[in-house]
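One structure is given here, and the rest of the page talks about it.
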Amino acid sequence: MSYLDEASLPLPFCPGCGHAKVTHAIDEALQILGRPKERVVVVTDIGCVGLTDRHFDTNAFHGLHGRSITYASGIKLADPDLTVVVVMGDGGAGIGGAHLLAAARRNIGICVIVANNFNYGMTGGQHSCTTPSGGITATCHLGNLEAPLDLMGTLRPSKPGFLARTSVFADDVPALIARGLATQGFSLVDIWDLCVAYYAGQNTLTRNSIADMMAELEMPAGVHFEGGRPEFARAWRDLYHPAETADDEGMCLLPPDAGLAPVAESILAARTGILIAGAAGQKIRSLATVFGAGAIMSGLHATQKDDYPITVMTGHSAAEVLVSPVPIVYTGIEVPDVVLILSEEGRARVARKLAKLPPESRVYVEASLGPVETQARVIPLDLKGAAKEVHRLAVGAVGVGTILAAEGIYPLEAFEAAARRLQKQKVADTNIAGLRAGAALAG
Amino acid sequence: MIEFLEGNDAVVRGALDAGCRFFAGYPITPATSILTGMMRAMPEAGGVAVQCEDEIASIGMCIGASMTGQKVLTATSGPGMSLYSENIGLAITGETPLVIVNVQRQGPATGSATKGADGDILFMRWGTSGGLPLIVLSPESVHECYTLTRAAFDLAERYRVPVILASQKEVGLTRERVDLDEARAAMPPSRPRDAAPTDRPYVPHAFEQPDDVAPLSPIGGPHLLRYTTSMHDERAWLTGDPAVISRMMEHLRRKIDDHADEIALFDHDPDVGAKNLVVSYGITARSAREAVARVRAAGGRVSLLVLKTLFPVPEAAIRAALIGIERVVVPEMNLGQYAREVQLFADGREVRSVTRMDTELVSPDDVIREGGLL
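Protein sequences, first through last, are from chains A and B. Heads up: the first sequence runs through residues 1 to 443, numbered per our numbering. Heads up: the second sequence runs through residues 1 to 374, numbered per our numbering.
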């Protein structure tokens, strides 16, 4: 049974072009494999050889230049039992080089056939990533200065399933493709081909001189690698999927959870904006989340936004928490009501905002940081001293305890419940102890 | 269940509840937590999530997986949208259901990577060659990150088209109180993928009326599927026949544009006798809501139109909201993009663009003052 659509023949390639041979070799290889046509996909991209998919009586996918490996990978990942063949040229291998490398490293079970004719035939014979040094093309008419890409040598360190090189005129082409198709993991067959319209004529490359070129470039024909690494699409499922697949009714399966149902009541009268400014390592973000969750667990609404540098282990870490007895519409804090400063980095980060604060805002600051330039009321506190009694990471929780007690935003028990709800026990214990120490500090 | 979640978390929940079982993405601030959230959640749901070598591979894998019958999602920010561009065109011409989340950040180029903006609004609509329509939705809250992600999947299936969720840092990475169980209970079940009948030959892009949408038969399913980036006829055969190409262009345009009213999601809050109308979307809609509340509290009159569907432009909703209005105020976190769309229907009314692109939110005061609302 042929896998070609007989009605679509003859093939559209130039007389003498090797792409027709490649196409028939793939058909022969598919016949050796014998899979149902519905379970075979031929994926191509732009380039003369990309015209071939429409002549296959299988599923056929013709995508963007150099991206065939990405579609093929998505198809294989979604349906690992499919036989997925990619047919591309050396142009596609060049522009899609990152995909080639990634697919080989993943060892995803697609079979890539590169019809490698050393130039871009479709656009008039420009040089490609495999054009030999000194080769003449439309874009290097005095000779190519770039070294050619060795597909075998490049991909072999990734230890994929199967790598082979041959000439389109060799007898072993169908057999090598069949071995590639039968491979569980990633396979690639690099088929050196003749572009009769451009490269072959301009460089006197013939059927017989392909072998000489292989010798000269030290890129011999033959099987270059066979490996036994697990195929990615199946390996991913084996590793990540739970032993018993979850019941799939289209709904997200999460453990039954009580969420942040209220455990206390807040008497907060108006929307209050709180800025927590500290340093990396002070656990500001998670603390702000517990603080906001505590607000929710006392019946309030809350929003949280974090501000920290990309290099997360250094510099400032700040968070804005907005709490409100009514739903929060606008999430910005134009004038913070309360600022908590835990470190020098944090103070520097919010300096512009401190300078603009009105007298009625309150700034709670670690006392050792010295004076704060602001019109707002400044309350220096020995937060670090209080934290020492608890844990060195508790300084933020001490600060939050101080604010909650002094400002009366919501009851401490709601923060404690939130910490228990969201954090591991040891972390929650530390934060709760810090919170209580802070509340004591506020008097 | 009440939770304290970020918009990106809600996108993950919405996608899973919509039946999404394939995700491919590449890390980028401020969208990364969708990638990591999907990696965490997908195994339990029986799906696949993968980090790719780049954004081109991410959307390419999604397109491939979608054509095997999966509902698929990818997520990125502005720089990644640039790399998605060519494949968005492929998904349009191949009629591939696909949901893309663009958690926008201030640009251009790398921009302020950790700060918000709505600078990609027109780029999302017009950022692929050929200019054919797709669908763009814009959430203003964590709650809407859930509901509009669900809606995006339904629209992608209904119209076989890419749908972009125009989120941004200020929505995606802001934590809010939200109850997704309530949101879920209030929504209809997600739309399953239509199956193609097996008693006749399958024609992948079949249509009788230009706006018809053919069911999609998956690769690996009962039919052999053909798919091509090149200009094709209804069978996905290459064609150079101008009459066939013209029909196909008409189809790809009208299947979306003729259904703009069905796709339109918006909140209209009219104020009797108001001469001013605020039109907004996304995070800035919340500033607009606050501004409108303050104006009304001060005794002023102002109407509000919040758009959740940005493209196709909800023309009928905008025209209806403009009745009796003399001035339209359009606040947005860019240099004035959607104001140009509103201008198309203004019929001589003043359109005042209130813009900010310095990474700060447009404040309610900005809307009132620059909009001349009080």
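Using N, Cα and C, we set each Cβ at its ideal position, and we do this for glycine too.
Separation of the CB atoms of P327 (chain A) and P43 (chain B) is rounded to 35 Å, and the pair is thereby denied contact status at 8 Å. Taking 8 Å as the upper bound on Cβ-Cβ separation, chain B lies near residues A98, H99, L101 and A102 of the stretch 88 to 102 of chain A. The C-beta of V50 (chain B) comes closer than 8 Å to at least one C-beta of chain A. Listed by position along chain A, the residues whose Cβ is nearer than 7 Å to that of Q70 (chain B) are A78. The beta carbon of H127 (chain A) does not come within 8 Å of any beta carbon belonging to chain B, so the residue lies off that interface.
Scanning B:V278, B:A185 and B:G46 for the CA closest to the CA of V330 (chain B) turns up B:V278. Around the beta-carbon of A104 (chain A), 16 or more other beta-carbon atoms lie within 10 Å, marking it buried. The alpha carbon of L265 (chain B) has as its nearest neighbour, out of B:P215, B:S138 and B:L98, the alpha carbon of B:S138. When the alpha-carbon of G69 (chain B) is set against those of A:S286, A:A78 and A:V400, the nearest one is in A:A78. Contact check for G385 (chain A) and L342 (chain A): beta-carbon distance about 13 Å, past the 8 Å limit, so the pair fails to qualify.
The C-beta of I75 (chain A) comes closer than 8 Å to at least one C-beta of chain B. At a cut-off of 8 Å between C-beta atoms, Y84 (chain B) does not count as an interface residue with respect to chain A. Restricted to the stretch 102 to 172 of chain B, the alpha helix (DSSP H) segments that are unbroken, complete and at least 4 residues in length are 121 to 126, 142 to 159 and 169 to 172, listed in chain order. Interface annotation for the stretch 285 to 299 of chain A against chain B: T289, G292, A293 and I296, criterion Cβ-Cβ distance under 8 Å. By the Cβ criterion, the stretch 183 to 194 of chain B is in contact with the stretch 1 to 20 of chain B, since at least three pairs of Cβ atoms, one from each stretch, lie closer than 8 Å.
A contact between stretches requires three or more CB pairs, one per stretch, nearer than 8 Å, and the stretch 282 to 293 of chain A meets this requirement with the stretch 422 to 437 of chain A. In the DSSP assignment, V50 (chain B) forms a beta bridge with B:A24. Around the C-beta of I32 (chain A), fewer than 16 other C-beta atoms lie within 10 Å, and the residue is accordingly described as exposed. Measuring C-alpha to C-alpha distances from H205 (chain B) to each of B:S190, B:I245, B:R191 and B:E176 identifies B:I245 as the nearest. Here Q304 (chain A) carries a strand assignment [DSSP, helix/strand/coil]. The residues P380, L381 and D382, in chain order, have a CB closer than 7 Å to that of A367 (chain A) in the same chain once the five nearest residues on each side in sequence are set aside. Annotation: the continuous alpha helix (DSSP H) that includes R349 (chain A) extends over E344 to R349. At a cut-off of 8 Å between C-beta atoms, T76 (chain B) does not count as an interface residue with respect to chain A. Flagged as an interface residue toward chain B: V329 (chain A), by a C-beta distance shorter than 8 Å. Only residues of its own chain outside the window of five on either side were considered, and among them F118, L194, Y199 and M213 have a CB closer than 8 Å to the CB of L205 (chain A), listed in chain order. For the stretch 37 to 50 of chain A, residues whose beta-carbon sits nearer than 7 Å to a beta-carbon of chain B comprise K37, E38, R39 and V41.
Close partners of K305 (chain A) in chain B (Cβ separation under 8 Å): E170, L173, T174 and R175. Within a 10 Å sphere around the beta-carbon of N208 (chain A) sit fewer than 16 other beta-carbons, which makes this residue exposed. For V203 (chain B), there is no enclosing beta strand (DSSP E), as DSSP marks it with neither H nor E. Sixteen is the threshold: since fewer than 16 other Cβ atoms of the shown chains lie within 10 Å of the Cβ of S133 (chain A), the residue is exposed. Using a Cβ-Cβ cut-off of 8 Å, W236 (chain A) counts as an interface residue toward chain B, since at least one Cβ of chain B sits closer than that to its own.
Between the alpha carbons of R377 (chain A) and L369 (chain A) lies a gap of roughly 16 Å. In the structure shown, W236 (chain A) adopts helical secondary structure according to DSSP, grouped into three states. Residue pairing of H127 (chain A) in beta bridges, as defined by DSSP: A:N119. DSSP places E3 (chain B) inside the beta strand (DSSP E), whose first and last residues are I2 to E6. The distance from the Cβ of Y84 (chain B) to that of C52 (chain B) is about 12 Å, inconsistent with a contact at the 8 Å cut-off.
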